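*Asks:* Can you keep this structure in mind? I'll have questions shortly.
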Amino acid sequence: MKAELHIPDLPEVPVALSPLHPPLDDQQRRTPLSWPVRTRERVVGYLPLMLMVGLALGTWLIAKNTPGLLAPSGPAVVKHEADYTLDQFDLQRFDPAGALKVEIQGEHMQHFPDDDIMEVEQIRVVTTEPDGRRMIATALHGRARGDSSEVWLDGQGQVVSEAPGELPIRMNGEHLHAFPKLRQLDSKYMVIVRQGDSEFNADGLEYDDNTRLLTLHGNVHALMQSALRKSVASKSAAQK
Amino acid sequence: ERADRSKPMSVTSSGGNPDVVDLKKHSAVFIGNVIITQGTLEIHADRVEVSEDPDGQRLGFAYGSPEHPATFRQKRDGEDEYSEGDSTRIEYDSAANRVRFVGAAHLRMLKGTVVTDQANAALITYDTATDTIKLGSGEAGTASSSAGGRTTVVFTPKAPASSAKAPGPLKLDTPTPAPGSTK
């Protein structure tokens, strides 16, 4: 069979293509192969396929028995590890008008990205309002959300609320839960609240600094200063 | 006693309901087994409201119920002498030392545990400083629930005064009939 082959950059060379194997004659085509030969032919023909299937089965078995390999992969487990720490820090947050809103200070702070929580030793949180009202929260250990919306005070927790022209309110407890931006506080543990000479002891409290309403739970013992003492005191002071 | 009014007022309560204190107005509402003590004075009630008027005077309102009235007890200036009272509402003005019993009011004077004088009325006002009581048939138009609305007072004649210090007899202030009273 003659054919022409044009390969660029090479001199033109005549090429002759001959068939790979001689064509079968009638005799060879008519006589059937023996059974073992046909079986061997078939086995040899399918051998690669069977090998691949075997390998695939084997891989599947191994993967199946490898714990956790085939399990649907859930969200990557983020470890509760600090991404940065600060010592003797002072974190300040300003409102859109530029006035200082929340200030968080402490001896040592660790920030955890997984839940955006700051853990602070010797925490001190000060919230300031344009009208001069302030709330100062302190504790041995504190945890605060990254946006300062929530603060947990543990260990000698104290919150002092000051307002111009009013007696300051001091709230003490081992576990206080403050919401600086809402100016609210609650606790499900023993608390003592003092204002002037009055004192309130209770098993739990909720306090809203906007309304100055204090809700006390459980057994309550209140010591409310008699009004007369104040007027007597002021009278004697006037006479001096 | 007269010295009670200069003592701090202590209030305890224990119950399921929360107590609410208004730290701006210096008032408070206590609910559930409430006990007010101030010096020798003691008031028990289901619910107590303590408020402070503009002059800083402390007022207490103790609420009971007909079945479980609010009760009051205080030592009088005399030796071993006490006053006791109960009614559905007790109003206590600590600075003026005045107690008002409103609704099925009973007031008893005791020498130790012996009742010497007693009064029942719809409304009793007891001035502990001057030791005088004023009896009325209740607030304007309110039906009085004590024995047919009648005011009764029982005085026990005093034994000859053994010691100079004994307080004078209880002075009865003529009651001013409340408008529309049935008496």
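Those protein sequence lines, which keep their order, are chains V and W.
Take the first sequence: its letter number 181 is residue 181 in my numbering, and every next letter is one higher.
Take the second sequence: its letter number 129 is residue 1129 in my numbering, and every next letter is one higher.
Built from N, CA and C at the ideal position, the CB exists for glycine as well.
Just so we're clear, the structure is a prediction, and the values are computed from it rather than from any experiment.
V/S236 to W/Y1092, Cα distance in whole Å?
*Replies:* Residue confidence is low: V/S236 scores 43 on pLDDT, short of 50, so the model does not pin down where it sits. Its coordinate-derived value is still stated next. When rounded, the distance between both Cα atoms is 25 Å.
*Asks:* Is it buried or exposed for V/N210, if we count other Cβ within 10 angstroms and need 16 for buried?
*Replies:* exposed
*Asks:* Please list, in chain order, all residues of the same chain as W/T1037 whose beta carbon is under 7 Å from its beta carbon, the five residues on each side excluded.
*Replies:* S1010
*Asks:* For V/G196, report the span of its beta strand (DSSP E) as first-last.
*Replies:* Looking at the DSSP string, V/G196 is not in any beta strand (DSSP E), and its letter there is neither H nor E.
*Asks:* Closer than 7 Å, CB to CB, is V/V220 near chain W or not?
*Replies:* yes
*Asks:* Out of V/T66, V/H221, V/M190, V/R194, which one is the CA nearest neighbour of V/D203?
*Replies:* V/M190
*Asks:* Which residues, in chain order, does the stretch 1026-1039 of chain W contribute to contact with chain V at a C-beta distance below 8 Å?
*Replies:* H1026, A1028, F1030, Q1038
*Asks:* Less than 7 Å separating the beta-carbons of V/E121 and V/E107?
*Replies:* The beta carbons of V/E121 and V/E107 sit closer together than 7 Å.
*Asks:* Listed from N- to C-terminal order along the chain, which residues in the stretch 1007-1028 of chain W have their beta-carbon within a distance smaller than 7 Å of any beta-carbon of chain V?
*Replies:* K1007, P1008, M1009, S1010, V1011, T1012, S1013, S1014, P1018, D1019, V1020, V1021, D1022, L1023, K1024, A1028
*Asks:* On the DSSP letters alone, give me the boundaries of the alpha helix (DSSP H) that V/N65 sits inside.
*Replies:* Its alpha helix (DSSP H) spans residues 35-65.
*Asks:* Does chain W have any CB closer than 7 Å to the CB of V/R134?
*Replies:* The beta-carbon of V/R134 is placed no less than 7 Å from the nearest beta-carbon of chain W.
*Asks:* Drop a sphere of 10 angstroms on the beta-carbon of W/Y1126, count the other beta-carbons inside from all chains shown, and report buried for 16 or more, exposed for fewer.
*Replies:* With 16 or more other Cβ atoms within 10 Å, it is buried.
*Asks:* Counting contacts by CB-CB distance shorter than 7 Å, is V/L182 in contact with chain W?
*Replies:* no
*Asks:* Sorted by chain position, which residues of the same chain lie with C-beta nearer than 7 Å to W/K1111's C-beta, five sequence neighbours on each side aside?
*Replies:* D1080, E1081
*Asks:* Please check if any C-beta of chain W sits within less than 7 Å of the C-beta of V/M109.
*Replies:* no
*Asks:* Under three-state DSSP, which class holds W/S1006?
*Replies:* helix
*Asks:* How about V/E150 and V/V126: do their beta carbons lie closer than 7 Å?
*Replies:* no
*Asks:* Write down every uninterrupted run of the beta strand (DSSP E) in the stretch 151-177 of chain V whose length is 3 residues or greater and which is fully enclosed by it, in chain order.
*Replies:* 151-162
*Asks:* In whole angstroms, what is the alpha-carbon distance linking W/G1141 and W/V1050?
*Replies:* With a pLDDT of 38 at W/G1141, under the threshold of 50, the modelled position of that residue is not reliable, and the figure given next carries that caveat. Roughly 26 Å between the two C-alpha positions.
*Asks:* Specify, as a first and last residue, the run of the beta strand (DSSP E) that W/H1026 falls within.
*Replies:* Neither: W/H1026 is in no beta strand (DSSP E) and is coded neither H nor E.
*Asks:* Under 7 Å, do W/V1029 and W/S1013 count as touching if we go by C-beta distance?
*Replies:* Not closer than 7 Å, so no.
*Asks:* Quick one: give me the first and last residue of the beta strand (DSSP E) that W/Q1057 is part of.
*Replies:* It is not in any beta strand (DSSP E) - W/Q1057 carries neither H nor E in the DSSP assignment.
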